[in-house]
Structures are given as structure tokens and as C-alpha cells.
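Asker: Questions regarding the structure given below will be posed in turn.
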Amino acid sequence: MIFYFTGTGNSLYVACEIAEAQGDKLYSIAALMNNNESIYHFELDDKELLGFIFPVYAWAPPKIVLEFINKLEIIVKPAADNDNKDIKLKPYIFYISTCGDEEGNTEIVIRRALAKKGLLLDSSFSIRMPNNYILGFDVDTKEIVEKKLKDAELMLKDINKAIGKRQKNIKMNIPGRLPTLKTSLINPFFNRFALNTKYFTVNDGCTGCQICEEICPLHSIKINDSGKPVWSKDCTQCLGCFHRCPVNAIQYGKKSEKKGRYHHPDIDTLERRIKEVQNNR
Numbered sequence: 366m367i368f369y370f371t372g373t374g375n376s377l378y379v380a381c382e383i384a385e386a387q388g389d390k391l392y393s394i395a396a397l398m399n400n401n402e403s404i405y406h407f408e409l410d411d412k413e414l415l416g417f418i419f420p421v422y423a424w425a426p427p428k429i430v431l432e433f434i435n436k437l438e439i440i441v442k443p444a445a446d447n448d449n450k451d452i453k454l455k456p457y458i459f460y461i462s463t464c465g466d467e468e469g470n471t472e473i474v475i476r477r478a479l480a481k482k483g484l485l486l487d488s489s490f491s492i493r494m495p496n497n498y499i500l501g502f503d504v505d506t507k508e509i510v511e512k513k514l515k516d517a518e519l520m521l522k523d524i525n526k527a528i529g530k531r532q533k534n535i536k537m538n539i540p541g542r543l544p545t546l547k548t549s550l551i552n553p554f555f556n557r558f559a560l561n562t563k564y565f566t567v568n569d570g571c572t573g574c575q576i577c578e579e580i581c582p583l584h585s586i587k588i589n590d591s592g593k594p595v596w597s598k599d600c601t602q603c604l605g606c607f608h609r610c611p612v613n614a615i616q617y618g619k620k621s622e623k624k625g626r627y628h629h630p631d632i633d634t635l636e637r638r639i640k641e642v643q644n645n646r
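Take 366 as the starting number for the sequence shown in my numbering and just add one per residue.
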């Protein structure tokens with residue numbers, strides 16, 4: 366059982382690679398949270414996986430991921446071939462973060478969030494992927510994108526081996542410099558002031574394709590009678606609408622006009638694969 370959150374497809378790619386290698390099911394955190402349940406109840410046996418895959422936002426897990434974990438209730442049952450019913454039941458729990466360069470103290474934040482729900486994190490992993498947060502940086506060059514994607518493919522093989530063997534106490538993380546400062550000080554500021562849509566605009570190049578409306582994880586975008594997107598106030602700052610607009614009609618303030626766009630090259634194929642699997646459940 367693997368829960369994932371994605372904006373521009375990096376974490377979706379990782380989630381699909383892990384789920385396919387491990388023969389496990391994927392669940393979209395955004396789709397679940399849009400049900401507005403007070404508790405998200407799941408059952409699994411003690412030999413199953415419990416994984417969380419997500420991008421890093423301002424050196425911490427996205428707020429929506431932590432809110433989901435806070436509402437998560439996991440009931441663990443003994444596997445059919447579990448002969449020792451007296452041992453405390455526990456699935457193998459891991460997370461994988463995707464980040465442009467570093468994840469800060471994401472491992473500590475996730476470990477504490479899971480512990481509050483009675484879940485003990487076994488191993489943690491971070492993978493560098495192409496950068497997409499254009500508000501503080503710019504997208505990577507074509508050469509860096511290609512290198513990061515190639516390196517990620519190799520790293521996923523090692524991660525899948527570790528998960529497949531249920532290896533514990535593995536910390537393949539990328540905290541970077543001053544992780545405590547970045548996660549403890551910058552991230553709360555980000556969550557307080559950046560999670561809004563007031564700087565999003567759309568120009569006359571918009572074709573009304575509705576892609577932005579379809580992919581918004583919070584369903585905060587609606588196409589008006591003029592065929593243009595309109596944003597409500599809620600936002601995860603995934604920037605999927607900005608990066609995936611096929612004609613680059615969406616901007617975020619004036620500075621974004623000079624910034625590049627990025628989404629995972631296989632995101633359309635990955636999304637179709639997810640829909641096919643869900644339709645067959």
C-alpha cells in the first residue's frame with residue numbers, strides 16, 4: 366500500500382516504479398483528501414508495505430501529506446502465513462521524497478508524524494529530481510534534467526532492492542546544509558504565506574484546454590464562461606498548472622515570465638496507467 370502526492374510528475378514516476386517493482390497498489394493522497402473524510406481507514410497485513418512518496422516543499426513534506434497522515438488510521442492484521450500471533454503486528458514502513466537538491470529535516474518531520482499515529486518508520490529515502498520550484502529558483506538545464514533522471518533511475522534500483530528485502534534503519538537521505546534552520550524556520554513561513562493563489566494569472570494565449578482544471582490536486586481551478594481558468598484561494602504550491610500549461614499562458618507574478626517550465630517527460634503516460642489500474646479495481 367503506497368500513498369503518493371505529486372505536482373509535476375516526479376513523485377508519480379517514483380511511485381509507479383516502486384509499486385510496479387513491489388507488486389503493490391497506489392493511492393493518491395490528493396484524491397483521498399478531496400473526499401474530506403475525518404479519518405482515512407485502511408487495513409493491511411503485517412507483511413505488506415506501507416509507503417509514502419511525495420515531493421519536498423520548502424525543505425519539508427507538503428502540508429497536504431502531513432494532514433493526510435494525521436487523519437490516517439491503519440489496522441494491521443496477521444498475514445495468512447503468520448504462525449506467531451503473539452508478536453506485535455507491524456508492516457514495513459518507508460517514505461521516499463523527491464527534491465530538487467535537498468530535503469532538509471523531512472525525515473524527522475515524517476518520523477514524528479507517523480509516530481503520533483502509532484506507526485514506526487523503518488527506512489527513508491531521498492531522490493534528486495529535476496527542479497520545478499520557479500518562485501525561488503529556475504528549472505534545471507536540459508543537461509541537468511537528463512542527468513538527474515538517469516541517476517534517479519539507477520537509485521530506484523537500489524531503493525527497490527532495500528524495500529524488497531524489508532531492510533530496516535536505511536537512511537538514504539539528502540538533508541543538505543543547515544537542515545534544521547530550513548525546515549524549522551523557512552518551512553513554517555512557506556506554509557503560512559505561500560499556500561495561496563493570489564499571484565496566478567492567465568494571459569490571452571490561453572486556449573481553454575482545461576488541463577489546469579483537471580490536474581489541480583485541490584480542485585481549486587475552474588474554467589469560467591470565457592474559457593479561462595479562475596483560481597479559488599486554496600493551493601498546495603505544486604505549480605502543476607504553471608508547468609503543464611501547453612501554451613505557457615499561466616504565470617505566477619511578473620518574474621515567472623522569464624522562467625522555464627518542467628514536468629516529468631512521462632507524466633501523461635503515467636497518469637493514464639494510474640487511471641487504467643483504478644478502473645480495473
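Glycine included, every Cβ here is placed at the ideal spot set by N, Cα and C.
Within a Cβ cutoff of 7 Å, which residues of the same chain sit near LYS547, ignoring the five residues on either side of it in sequence?
Answerer: So the list reads TRP424, GLY469, once near-sequence residues are dropped.
Asker: Under the three-state reduction of DSSP, which class applies to ASP487: helix, strand or coil?
Answerer: Correct three-state label for ASP487: coil.
Asker: By Cβ distance below 6 Å, which residues in the same chain neighbour LEU415 in space, the five residues on each side in sequence not counted?
Answerer: So the list reads MET366, PRO456, ILE458, once near-sequence residues are dropped.
Asker: Just to confirm my understanding: we take ASN613, look at its own chain, exclude 5 residues before and 5 after, and list those with CB closer than 8 Å. What are they?
Answerer: Hits under 8 Å: GLY570, ARG626.
Asker: Can you check which of these residues, ARG542, LYS436, GLU467, LEU479, is closest to PRO420 by C-alpha distance?
Answerer: Nearest option by C-alpha distance: GLU467.
Asker: Can you tell me the Cβ-Cβ gap for GLY374 and LEU583, rounded? I've got them flagged as a contact below 8 Å.
Answerer: No, GLY374 and LEU583 are not in contact; Cβ-Cβ is about 17 Å, not under 8 Å.
Asker: At the level of alpha carbons, what is the spacing between LEU560 and GLY529?
Answerer: If I take the Cα positions, the gap works out to 36 Å.
Asker: Checking 7 Å against the spacing of the C-beta atoms, do PHE417 and PHE368 come in under that value?
Answerer: Closer than 7 Å, so yes.
Asker: Could you tell me whether the stretch 472 to 480 touches the stretch 584 to 602, using the rule of 3 or more Cβ pairs below 8 Å?
Answerer: The stretch 472 to 480 is not in contact with the stretch 584 to 602.
Asker: Enumerate in chain order the residues of its own chain whose CB-to-CB distance from LYS428 is below 8 Å, with the five nearest sequence positions on each side excluded.
Answerer: So the list reads TYR422, ASN556, LEU560, THR601, once near-sequence residues are dropped.
Asker: Closest to ASN589 by C-alpha separation, out of GLU579, ALA444, ILE461, GLY573, would be which residue?
Answerer: The residue with the shortest Cα to Cα distance from ASN589 is GLY573.
Asker: Determine which residues share a DSSP beta bridge with GLN602 and list them.
Answerer: In DSSP, GLN602 forms no bridge with anything.
Asker: Once the 5 residues before and after ASP631 are set aside, which same chain residues still bring their CB inside 8 Å of it?
Answerer: Here the set comprises GLY374, TYR378.
Asker: Here's the rule I'm using: 16 or more other beta-carbon atoms within 10 Å means buried, otherwise exposed. How should GLY605 be labelled?
Answerer: The residue is buried, with at least 16 neighbouring Cβ atoms inside 10 Å.
Asker: Closest by CA to GLY465, which one among PHE433, GLU408, ASN538, GLU413?
Answerer: That would be ASN538, whose Cα lies nearest to the Cα of GLY465.
Asker: With ILE439 as the anchor, note down where its beta strand (DSSP E) starts and where it stops.
Answerer: Start and end: 437 to 442.
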